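Below: the structure, in structure tokens.
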Amino acid sequence: MSAKIDSLLHEHRKFAPSPEFAAAADASPELYADATHDRLGFWADQARELLHWHTPFTKTLDWTNPPFAKWFEDGELNVAYNCLDRHVLAGNGDRVALYFEGEPGDSRAITYAELTAEVKRAANVLIKLGVKQGDRVAIYLPMIPEAVISMLAVARIGAVHSVIFGGFSAESLRSRIDDANAVLVITADGGYRKGKISALKPAVDAALQSGDSSVRNTLVVKRTGQDVEWNDRDLWWHDELASVEPEHEAVPFPAENPLFILYTSGTTGAPKGILHTSGGYLTQGAFTHKNVFDLKPETDVYWCTADVGWITGHSYVVYGPLANGATQVLYEGTPDSPHTGRWWEIIEKYKVSILYTAPTAIRTFMKLGRQIPQKFDLTSLRVLGSVGEPINPEAWMWYREVIGGNLTPIVDTWWQTETGAIMVSALSGLTETKPGSAQVPIPGITIDVLDDDGQHVGYGNGGLLVVTEPWPAMLRGIWGDPERFKETYWDKFEGTKGAKDGPLYFAGDGARLDHDGDIWLLGRVDDVMNVSGHRLSTAEIESSLVAHHLTAEAAVVGAADETTGQAVVAFVVIKLSQAEEASHEDISTLLRAHVAQQIGAIARPREIFIVDELPKTRSGKIMRRLLRDVAEGREVGDVTTLADTMVMNTIASKMRKK
Ligand code: ATP
Ligand code: MG
1 MSAKIDSLLH EHRKFAPSPE FAAAADASPE LYADATHDRL GFWADQAREL LHWHTPFTKT
61 LDWTNPPFAK WFEDGELNVA YNCLDRHVLA GNGDRVALYF EGEPGDSRAI TYAELTAEVK
121 RAANVLIKLG VKQGDRVAIY LPMIPEAVIS MLAVARIGAV HSVIFGGFSA ESLRSRIDDA
181 NAVLVITADG GYRKGKISAL KPAVDAALQS GDSSVRNTLV VKRTGQDVEW NDRDLWWHDE
241 LASVEPEHEA VPFPAENPLF ILYTSGTTGA PKGILHTSGG YLTQGAFTHK NVFDLKPETD
301 VYWCTADVGW ITGHSYVVYG PLANGATQVL YEGTPDSPHT GRWWEIIEKY KVSILYTAPT
361 AIRTFMKLGR QIPQKFDLTS LRVLGSVGEP INPEAWMWYR EVIGGNLTPI VDTWWQTETG
421 AIMVSALSGL TETKPGSAQV PIPGITIDVL DDDGQHVGYG NGGLLVVTEP WPAMLRGIWG
481 DPERFKETYW DKFEGTKGAK DGPLYFAGDG ARLDHDGDIW LLGRVDDVMN VSGHRLSTAE
541 IESSLVAHHL TAEAAVVGAA DETTGQAVVA FVVIKLSQAE EASHEDISTL LRAHVAQQIG
601 AIARPREIFI VDELPKTRSG KIMRRLLRDV AEGREVGDVT TLADTMVMNT IASKMRKK
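Residue 311 in UniProt numbering sits at position 311 of the sequence shown, and the numbers go up by one each step.
What follows is the structure in structure tokens.
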């Protein structure tokens, strides 16, 4: 069967950056021209321009043993030096690196000089504890400056960090510690979340309780001051930092020295330990951060709301922005603590000019209503970014109108833990944007949309998104499992009669190319529905539902159906202001007709369920496989990576009552 995906939704709105914005932007069309003319030369230029190399590289790419790539192989650099010391040496030590905002309202401005000093001490602590180049260090912390400091200290001594999101359980923590054989865990007594203290250290204690792990020590940051149990292996962060020398010289490591392992979000299945290395990763992170967001390090205040436990936090809180010398906000808590305007209050307070967040957050704010952000002064914002899921055109429009004052460019950035950095996105100063489209590969990245045989689907059609050439920030493997690495990402098109020789990277996402050649993400290939022989995308039907004024959020799945093979089943969250307006029956009838009218009868949901919440991963992505279980009347599958496991119980019991 062909992998082509029928694409039905049509969106014609377009927004160019204002002439003033475009005129002041650094990115120019030459970036695309240069990258097309000499792709490897382009990346070599970027690597030299954006980073400091202790030993310059002479080779750009070694792709003789695919899918194992080496970028800038004979070059040497220190990732932390690039994010810290060199800014201080260039005279920018007094620039604020982090405006930390704790959930209870405590705040702290940390300059590049101060951040550098802290990282040097932390690096000396790691050395004192016997951590060596290549050793793995697990980091299990809230969103506090010490998370950033720990990551950079590990990078500074050439060791490898594995950041584990603070919301994960003791078991998840243990399995990740074991998978990487970590020698040290850096954690905190606790953190603040939703107005409460949430403990972290007990999970580390529980994870290490059986005693047979590779961990020698745990280093504990005092954040909340709550009581903690104390073991022989435990050391206080502040004691240790005070006990070491303040100076630490950053020595260079090879460009391919491993930088970190990060487990994917687990939206589709068991998380994979994705391995990233140094020089190529930092090059693409810095390049995209600068050009996608039009960063002006002297004047911008940038805020990426992602947790450092996710790839977005790695590349666009830590490495990209700090390599570029940016000033940024780091916020510990949740968007609704202590009130639902907290984010907008932070933007007003720090005059944030670039905001990078996820569609799930935008849709949550849509659900609550525009009167909340409208109470705050958001006029400092000049660029808005989105990442993590397809952004529905109506959510895009709301983001632009309500948050961006009808003025700001929006960049919808497609990428993955595996790609390490942004792959498909508008450049805010150059691109005429279309609501809902991620648009074009960034300069130096080559993307195609293929059918199962590896043939181009052609303009106007949907199929499978692939990356056709290796890229600097690409994953170098799955930790400890080269076979799974090949199988998962590189075997899909082997031996097909497609247009290109050589390995193609299969991203697992569906996409459509429109008639301008712009890319529209259609959702995960695993979630594509087959209705009467038509392959329909979740993203398009969800976008149609969200376009209705009653709807705040929607998730669509295919459920087995006797007549059509699969039928569309939708789960819909209604906007709070509309919730009382009509009965659920009426809303479902309305919405079914709306989808049929907007995108065609084939896409009309067989059933629509009104729910209070959708099941999401801890990084905020909709977990459709669980809804599919419910829609088909099965026992609900593995819920361990869900943010709130109760959500599925509520939905399942609602459906049983029906
Ligand atoms: P797992 O691979 O374990 O199932 P995951 O894919 O959710 O988890 P991530 O690497 O955090 O883990 O997410 C990458 C995925 O997120 C992409 O493959 C894509 O499905 C989705 N995604 C990210 N950004 C966008 C975007 N701008 N538009 C559409 N989808 C996006
Ligand atoms: Mg994935």
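Don't be surprised by glycine CBs; every beta carbon is placed ideally from N, CA and C. Please read these numbers as outputs of a predicted model, since none were measured by experiment.
Can you tell which of Pro503, Ile608, Ala170 and Ala603 has its C-alpha closest to the C-alpha of Asp586?
Ile608
Taking its Cβ as the centre, do 16 or more other Cβ atoms sit within 10 Å of Arg223, making it buried, or is it exposed?
buried
Rounded straight-line distance, which links the Cα of Ala33 to that of Asp227
59 Å
With H, G and I counted as helix, E and B as strand and the rest as coil, what does DSSP make of Ile445?
coil
Indicate the three-state DSSP secondary structure (helix, strand or coil) for Asn231 in the structure shown.
coil
Simplified DSSP state of Tyr263, which is helix, strand or coil:
strand
Under the three-state DSSP convention, the category Ile608 falls into:
strand
How should His314 be labelled, buried or exposed, when 16 other C-beta atoms within 10 angstroms of its C-beta is the threshold for buried?
buried
N- and C-terminal bounds of the beta strand (DSSP E) containing Arg193:
Gly190 to Arg193
For Arg370, which residues in the same chain have their Cβ closer than 6 Å to its Cβ, ignoring the five residues on either side in sequence?
Val402
Euclidean distance between Cα positions of Asp94 and Gly325:
11 Å
Would you kindly report the start and end of the unbroken alpha helix (DSSP H) that includes Met366?
Pro359 to Leu368
Is Arg512 helix, strand or coil when you go by DSSP?
strand
Inspect the beta-carbon positions of Pro390 and Leu522 and report whether they are closer than 9 Å.
yes
Once DSSP output is grouped into helix, strand and coil, what is the label at Ala560?
strand
Is the beta carbon of Lys492 within less than 8 Å of some heavy atom of ligand 1?
no
Less than 8 Å separating the Cβ of Ser265 from some heavy atom of ligand 2?
yes
Report yes if the C-beta of Glu298 is less than 8 Å from at least one heavy atom of ligand 1; otherwise report no.
no
Could you have a look at Glu332 and say whether DSSP puts it in helix, strand or coil?
coil
Cβ of Pro409 versus every heavy atom of ligand 1: is any distance shorter than 8 Å?
no
Going by the CB atoms, is the gap between Leu9 and Glu432 shorter than 9 Å?
no
Do Val531 and Leu627 have their CB atoms nearer than 9 Å?
no
With a threshold of 6 Å on Cβ separation, who are the neighbours of Ala159 within its own chain once the five nearest residues in sequence on each side are excluded?
Val131, Asp135 and Val137
Buried versus exposed call for Gln597 [16 or more other C-beta atoms within 10 Å across all chains shown]
exposed
Own chain partners of Ala109 with C-beta closer than 6 Å, once the 5 adjacent residues on each side are dropped
Val96 and Tyr99
Closer than 7 Å by C-beta to Pro267: which residues in its own chain qualify, once you throw out the five before and the five after it? Chain order, please.
Per the sequence shown, the amino acid found at residue 267 is Thr instead of Pro. These residues qualify, in order along the chain: Thr617, Lys621 and Met623.
Leaving out five residues on either side along the sequence, give the residues of the same chain with a beta carbon under 8 Å from the beta carbon of Glu73.
Phe57, Lys59, Asp62, Pro254, Ala255 and Glu256
Leu184 vs Leu126 beta-carbon contact at 9 Å:
yes
Which residues share a DSSP beta bridge with Ser198?
Gly191
Tyr319 and Val79: beta carbons closer than 9 Å?
yes
Counting C-beta neighbours from all protein chains within 10 Å, is the total for residue 660 16 or more, i.e. buried, or is it exposed?
There is simply no residue 660 to check, as the chain begins at 1 and stops at 658 in what is shown.
Check this for me: beta carbons of Leu614 and Glu562, under 9 Å apart or not?
no
Pick from Asp307, Glu11, Trp471 and Gly460: whose alpha carbon is nearest that of Asp265?
According to the sequence provided, residue 265 is Ser. The question's Asp does not apply to it. Of Asp307, Glu11, Trp471 and Gly460, the residue nearest in Cα terms is Asp307.
So what does Asp62 bridge to, in DSSP terms?
Lys70
Pro615: beta carbon under 8 Å from a heavy atom of ligand 1?
no
Please classify Asn291 as buried or exposed, where buried requires at least 16 neighbouring CB atoms within 10 angstroms.
buried
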